[in-house]
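Colleague:
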Amino acid sequence: MFFSIVIPTYNRKPILEKCLRAMEHQVVRSNSSSEDSAGDATKSHAAEGYEIEGYEIVLVDDGSTDGTVEWIQSHANEFPHVVLYEQNHEGAAIARNFGVQQAKGDTIIFIDSDLVVLEDFLQYHADALATAYAQGNERVFTYGRVVNTCNFEAPTSEPFKVTDYSRAFFATGNVAIAKKWLTEAGLFDPQFTQYGWEDLELGVRLKNMGLSLIKCPEAVGYHWHPAFSVEELPKLIDQEIQRARMGVVFYQKHPTFNVRMMIQMTWLHKVLWGVLSLGGLLNEKTLGPTLRWLIDKGYPQLSQELSRVFLNWYNVNAVHDAYREAKSS
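In terms of the numbering used here, the sequence shown opens at residue 1026 and continues consecutively.
(1) Where does I1288 sit, in a helix, a strand or coil, going by DSSP?
(2) Between the beta-carbon of V1273 and the beta-carbon of A1351, is there less than 8 angstroms?
(3) If you run the structure through DSSP and keep just helix, strand and coil, what is G1110?
(4) Measure the beta-carbon distance from I1320 to S1328 and round it to whole angstroms, keeping in mind my assumption that it falls under 8 angstroms.
(5) Provide the residue(s) that pair with K1205 in DSSP beta bridges, ordered along the chain.
(6) How many angstroms separate the CA atom of V1255 from the CA atom of L1312?
(7) Skipping 5 residues on each side, what residues in its chain have a beta carbon closer than 8 angstroms to that of W1206?
(8) How is A1244 classed by DSSP in three states: helix, strand or coil?
(9) Have a look at V1344 and H1294 and give me their C-alpha separation to the nearest angstrom.
(10) Spatial neighbours of E1073 within its chain, please: C-beta separation below 7 angstroms, excluding the five flanking residues on both sides.
(11) Using a 10 Å radius around the Cβ and a threshold of 16 neighbouring Cβ atoms, would you call Q1277 buried or exposed?
(12) Tell me, to the nearest whole angstrom, how far the beta carbon of D1152 is from that of A1203; I am working on the premise that it is less than 8 angstroms.
(13) Do the CB positions of H1114 and Y1220 come within less than 8 angstroms of each other?
(14) Per DSSP, what kind of secondary structure is S1062 in: helix, strand or coil?
(15) Under three-state DSSP, which class holds E1078?
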C-alpha cells in the first residue's frame, strides 16, 4: 500500500508548516523498518498491522498570494515527501482532482492544509483498510477523527468534544480511499467552484457504487482555525451564501429529500431559523454587542454557536433564492 496524501492549500502558510511537518514525521511499519531498531514505536498499537510501502505528500497550491510556494521551494530539503504543484485559484474541488491525477499511490488520503495529525496517522488508516481487504471487502474507505481547535501553538493538545462529532459519509478533512474508486466515480465535480458540498456530493456517488465507510477514530487530525471573532462575520456570512449556491448544485445533481435536508432547503428549516432569529431581527448588528461580550468573558465558542442562529438564517434564505434562480434560468 502506497499512500498519496493530497492537500490543497490557499493562503495558509503558518498552519501549513505545522501540517506538513506532522506528515513528514509519520512513523510507519514498512518492509525496511520491520527489521531495524525503529520497531518499538511502530509496533505500539498493532503488532500484526499492515506494512506501508511508502508515501508522498501531493501539495496543490491553489494560487496562494502569501508566499506559500516560495516558502516550500526554499525549504524543500526539510520536506522530502512533498511534491509541489501549482494552479490558478480555481477552488478545492479542482485542486484535489489535479492532485489525484498526479498521485503515484494506489491509495489516496485527503486532508486539509490546516489539519495537524499524530505520528501514527497513516498507520492507523493502513491497518483499518487492510483489515477490511483481508475480509474480502475492497469497497470501503476509512474516515478518521477530526478535532477542532483554535490552539495554534499546540493544536494536538485539544480534547475531543461533542461538537466535533460528524455524521458525514465522505468528507475530505481526514479520509483514505483506493484511487481506483475515485477514478471510477469521476472525481470531484468541477461545478463546485465556491465554498461547500463538493466532498459530500462525491460521497453520494461513492455510496451509489456500493462503497461503505469504516470509522477510524485512532487516525486523529486536529483542525486548526482562529478563535471566533465578530470581525470575521462578514466572511462567514459570505461563506453561508456560497454554501447555499453550491447546495443547489448538489440538489440538482441528486434531487432527493435527503439532500434537501442536508442543504436546509425545506420549509422546516426556514421556519426553525426564522423563529430562532425572529425573522432576521437577530443578526450580526443586533447581536454584535452580545457576541463581543461573550468573547471578552472568555466564551468564544459560545459566541460562535450563538452566531449560528443568524448565519443559518442567511443560508436558508440564500438556498431558496439560488434554487428559484436556477429554475428560472
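The beta carbon of each residue, even a glycine, is placed where N, CA and C say it ideally should be. All of these numbers come straight from a predicted model, not from anything done at the bench.
Modeller: According to the data block:
(1) Here residue 1288 corresponds to residue number 263 of the sequence shown, with the count starting at 1. Residue state, collapsed to three classes: coil.
(2) Counting from one through the sequence shown, the residue named residue 1273 turns up at place 248. Counting from one through the sequence shown, the residue named residue 1351 turns up at place 326. Against a cut-off of 8 angstroms, the Cβ pair of A1351 and V1273 comes out as a contact.
(3) The residue you call residue 1110 lines up with position 85 of the sequence shown. A small fix is needed here, since residue 1110 is Tyr in this sequence, not Gly. Strand, per DSSP.
(4) As a first step, residue 1320 must be located in the sequence shown, where it is residue number 295. As a first step, residue 1328 must be located in the sequence shown, where it is residue number 303. Sure, about 5 angstroms apart at Cβ, within 8 angstroms.
(5) In the sequence shown, residue 1205 corresponds to position 180, counting from 1. Partner(s): none; K1205 has no beta bridge.
(6) Counting from one through the sequence shown, the residue named residue 1255 turns up at place 230. Counting from one through the sequence shown, the residue named residue 1312 turns up at place 287. The alpha-carbon atoms of V1255 and L1312 are separated by roughly 10 angstroms.
(7) Looking up residue 1206 in the sequence shown gives position 181. For W1206, where only same-chain residues beyond five positions count, the Cβ hits under 8 angstroms are R1164, F1166, L1231, M1234 and L1236.
(8) The sequence position of residue 1244 within the sequence shown is 219, counting from 1. Correct three-state label for A1244: strand.
(9) As a first step, residue 1344 is located in the sequence shown; it is residue number 319 there, counting from the start. As a first step, residue 1294 is located in the sequence shown; it is residue number 269 there, counting from the start. Each residue's alpha carbon lies about 11 angstroms from the other.
(10) Taking the sequence shown and counting its residues from 1, the one referred to as residue 1073 is at position 48. Note that E1073 has pLDDT 48, beneath the 50 cutoff, so the model's placement of it is unreliable and the number below is only indicative. Once the five neighbours on either side are set aside, E1073 has no close Cβ partner at all.
(11) If you number the sequence shown from 1, residue 1277 lands on position 252. So Q1277 counts as exposed.
(12) Within the sequence shown, the letter at position 127 stands for residue 1152. Within the sequence shown, the letter at position 178 stands for residue 1203. The pair is not a contact, with the Cβ atoms about 15 angstroms apart (cut-off 8 angstroms).
(13) On the sequence shown, residue 1114 is found 89 positions in, with the first residue counted as 1. On the sequence shown, residue 1220 is found 195 positions in, with the first residue counted as 1. No, the Cβ-Cβ distance between H1114 and Y1220 is not below 8 angstroms.
(14) In the sequence shown, residue 1062 corresponds to position 37, counting from 1. Only weak support is given to the placement of S1062: the predicted model assigns it a pLDDT of 34, under 50, and the value that follows is read from those uncertain coordinates. It is coil, neither helix nor strand.
(15) Translated into the one-based positions of the sequence shown, residue 1078 becomes position 53. Residue state, collapsed to three classes: coil.
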